[in-house]
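Colleague: Dropping the structure in here first, questions after.
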Amino acid sequence: MQQISVVISGFDHYDGIDVNPSHEVPKALAEHGIDGLDGVDLSISAVSLPVSFAKAWPVLEQTIESVKPNIVIATGLKRAARGVMLERCATNLMDANKPDIDNAVPKLAPIDPSGPAAYWTRLPLRAILSQFTHDSIPATLSSDAGTFVCNSLFYNLLNWASSQEKVLSGFVSLPLVNEEPHPQHGLPLHQLVQAGADVVRESVEYYMRPSSEDILIA
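full-length UniProt numbering numbers the first residue of the sequence shown as 1 and each following residue consecutively.
Given below as C-alpha cells:
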C-alpha cells in the first residue's frame, strides 16, 4: 500500500464572514478523510493561516517542513465566486486595496523581486473538473488568484514546489457558504467539502499515475 501525505491549508477569520469555507473544508477533510482510493494509505493534515502577506507562507512552510507532504493544496475565499474556482496561475505581484491583518497594504510590489513573473499550478485541473461535473459541483477555471494574500501564498507555494523533485501543489478558491441553493450566491458547506475531497482524490490519483492529459493550464 502506497503512503501519500497531503497538506491542505485555509485561512483564519475573514471580516464579515460567519462561516469561512477555507477553514471548514480543510478541517473536515483532515478529520474525516476521504474514500475511493484503493491501495493508498492517505493522511491529510489541515492548517489555518493568518490573512497576512508576511505570515501566511511561513506558517504553511513550517507545516510542510514538519509533514513533508507529497501534495499541498491551498484554499482561500473568493467572495464574488458563484462556484469553486480552480486557480491556474500565481503572479509575482502584490497590489492590495485593503489592509491585511497586519495593516499592510502593498501597492504594485513584487512578491519576489528576483523571481519569475508567474508560476503555473501543478494540480490536474482537467481531471478535477471532470469529477466536479460528475458530482454536479459548479466550478470554473480562474486565470489567477488576484493580487491579495491568496495569490501571494500561491506564488510562494509554487516557488517552493519548483525546487522539489515530486510534489504536487496548487490553489483552489471557494465561494461563500450558502445553505439555500442559489445559482449566484455560493454553495452549501457539504458540497464544498465534497469539492475539496474531489480535489484531493484526483490529485492523489495523478500523483500515483501521472498523465499530461490531466493537466489543464490554458
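Where is the CB? At the ideal position from N, CA and C, for every residue including glycine.
Nothing here was measured: the structure is a model prediction, and the numbers come from that model.
#1: Between which two residues does the beta strand (DSSP E) holding L141 run?
#2: What's the C-alpha gap between P50 and K27?
#3: Which one or two residues does DSSP pair with L42 in a beta bridge?
#4: Among L125, P106, Y14 and V67, which residue has its Cα nearest to the Cα of S5?
#5: Determine contact between the segment 90-110 and the segment 133-142, defined as no fewer than three beta-carbon pairs at a distance below 8 Å.
#6: Cβ of P171 within 7 Å of Cβ of F148?
#7: Would you kindly check if the distance between the Cβ of M85 and the Cβ of S162 is under 7 Å?
#8: What residue range does the beta strand (DSSP E) around A30 cover?
#9: Helix, strand or coil for I73 per DSSP?
#10: Going by Cα to Cα distance, which pick from V204, Y119 and L157 is closest to P58?
#11: Quick check on V47: does DSSP put it in helix, strand or coil?
#12: Between the Cα of S22 and the Cα atoms of G76, V177 and G16, which residue gives the shortest distance?
#13: According to DSSP, simplified to helix, strand and coil, what is E87?
#14: What's the C-alpha gap between V167 and P69?
#15: Can the beta-carbon of G83 be found less than 7 Å from the beta-carbon of P124?
#16: Taking the alpha helix (DSSP H) that F154 belongs to, which residues open and close that run?
#17: Quick one: Cα of G146 to Cα of M94, how far?
#18: How far does the alpha helix (DSSP H) with V172 in it reach, from first residue to last?
Modeller: Based on what the coordinates show:
#1: A139 to S142
#2: 15 Å
#3: I4
#4: V67
#5: no
#6: A small correction: the amino acid at residue 171 is Phe; Pro does not occupy that position in the sequence shown. No, they are not a contact pair.
#7: no
#8: A30 -> not in any beta strand (DSSP E); alpha helix (DSSP H) instead, spanning P21 to H32.
#9: strand
#10: L157
#11: strand
#12: G76
#13: strand
#14: 8 Å
#15: no
#16: V149 to A161
#17: 9 Å
#18: First-last for V172: L168 to L174, but that is the beta strand (DSSP E), not the alpha helix (DSSP H).
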